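Shown next, in structure tokens, is the structure this report addresses.
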Amino acid sequence: MRTRLAIYDMDRTITRAPTWTPFLAFAMRRRARWRLALLPWAAIAGLAYVLKLIDRAELKQTTQRWLLGGSLAADHVASVTDAFADHVVATGVLDGARARIAADKAGGYRLVMATASYAFYARAIAERLGFDDAIATESETDPAGALKPGIAGENCYGPAKLRMIEAWMAGAGIARDDADIRFYSDHVSDAPVLAWADEPFAVNAHGPLKSLAKAKGWPILDWRNG
Numbered sequence: 357m358r359t360r361l362a363i364y365d366m367d368r369t370i371t372r373a374p375t376w377t378p379f380l381a382f383a384m385r386r387r388a389r390w391r392l393a394l395l396p397w398a399a400i401a402g403l404a405y406v407l408k409l410i411d412r413a414e415l416k417q418t419t420q421r422w423l424l425g426g427s428l429a430a431d432h433v434a435s436v437t438d439a440f441a442d443h444v445v446a447t448g449v450l451d452g453a454r455a456r457i458a459a460d461k462a463g464g465y466r467l468v469m470a471t472a473s474y475a476f477y478a479r480a481i482a483e484r485l486g487f488d489d490a491i492a493t494e495s496e497t498d499p500a501g502a503l504k505p506g507i508a509g510e511n512c513y514g515p516a517k518l519r520m521i522e523a524w525m526a527g528a529g530i531a532r533d534d535a536d537i538r539f540y541s542d543h544v545s546d547a548p549v550l551a552w553a554d555e556p557f558a559v560n561a562h563g564p565l566k567s568l569a570k571a572k573g574w575p576i577l578d579w580r581n582g
């Protein structure tokens, strides 16, 4: 029997906006409000990324280190991520995304989230939306289980996202030739996964992805106005 997978990106595909900066602000308000004063320093890191002085992985690690500190205790991470996930699901999920997720679920698809966002909060959001699995950027932890700023493995972005999906499939015992795969994304960085999927969907697409989708004949969906 063939496996049916519906794989979704998260930020701006399912959610109305990116989630990393809102998570940082949410966590700072709950942990140490004085760190909100450091937000301009995070903007400097963002400028360094725009100027290609650092990559996306370095940007994420740097902003976490500056704004949340060197480590976060596991129990604190759990309480903050649960509260943040509740907030995102209550206020930040597109209605069109909810409808498509429900339709894929009803159609017998195994729902998988594949996102560059950190697993420690992306999985909590995925669970609340009824996803079966989540593939995301993993974090380093110390021996006591405290969250560290470093990324464990690859940042789940661009070609690395496809490698991580394929590794997840291998671990789950799902052969590519025995799977029918849909993939939904808003960003051209996911072109490797879109090209690999049987049914690629450009969702809420920014300009570069919309142009690529038109050239490739991929369906273009917009869930922002539903």
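Everything in the sequence shown is counted per the working numbering, starting at 357 for the first residue and increasing by one. Every residue gets a Cβ at the ideal spot worked out from N, C-alpha and C, and that includes glycine. Just so you know, these numbers come straight off a predicted model, no measurement behind them.
Below 8 Å, too few C-beta pairs join the region 494-503 and the region 523-538 to call them touching: fewer than three.
Looking only at Met366, Glu510 and Lys416, the smallest Cα-Cα distance to Ala480 is reached by Met366. Ranking Leu550, Ile370 and Pro564 by CA distance to the CA of Asp451 puts Ile370 first.
As the crow flies, the alpha-carbon of Ile521 is around 12 Å from that of Asn511.
Looking at the backbone, the Cα of Ser473 and that of Thr493 are separated by about 6 Å. Excluding its 5 nearest sequence neighbours in each direction, Leu428 has C-beta neighbours in its own chain below 7 Å: Ala502 and Leu503, listed in chain order.
Non-local beta-carbon contacts of Leu380 in its own chain, meaning distances under 6 Å to residues more than five positions away in sequence, involve Leu423 in chain order. In this structure, Pro556 keeps its C-beta atom at 8 Å or more from the C-beta atom of Leu518. Restricted to the region 419-498, the beta strand (DSSP E) segments that are unbroken, complete and at least 3 residues in length are 466-474 and 489-497, listed in chain order.
Burial is judged here by how many other beta carbons sit within 10 angstroms of a residue's own beta carbon; Arg532 has fewer than 16 and is exposed. Taking 8 Å as the cut-off, the beta carbon of Ala558 is found closer than this to the beta carbon of Ala569.
Here Tyr364 is bridged, per DSSP, to Met469 and Tyr540. The DSSP-derived three-state label of Glu555 is strand. Distance from Ala490 to Ala475 at the Cβ level is roughly 7 Å; contact confirmed, criterion being Cβ atoms closer than 8 Å.
Distance from the Cα of Leu577 is smallest, within the candidate group Thr437, Ala455, Leu407 and Met384, for Ala455.
Taking 8 Å as the cut-off, the beta carbon of Val436 is found no closer than this to the beta carbon of Ala523.
Classified as buried, Asn560 has 16 or more neighbouring CB atoms from the shown chains inside 10 Å of its CB.
Around the beta carbon of Ser567, fewer than 16 other beta carbons sit within 10 angstroms, so the residue counts as exposed.
Where Gly506 is concerned, the enclosing beta strand (DSSP E) starts and stops at Leu503 to Ala508.
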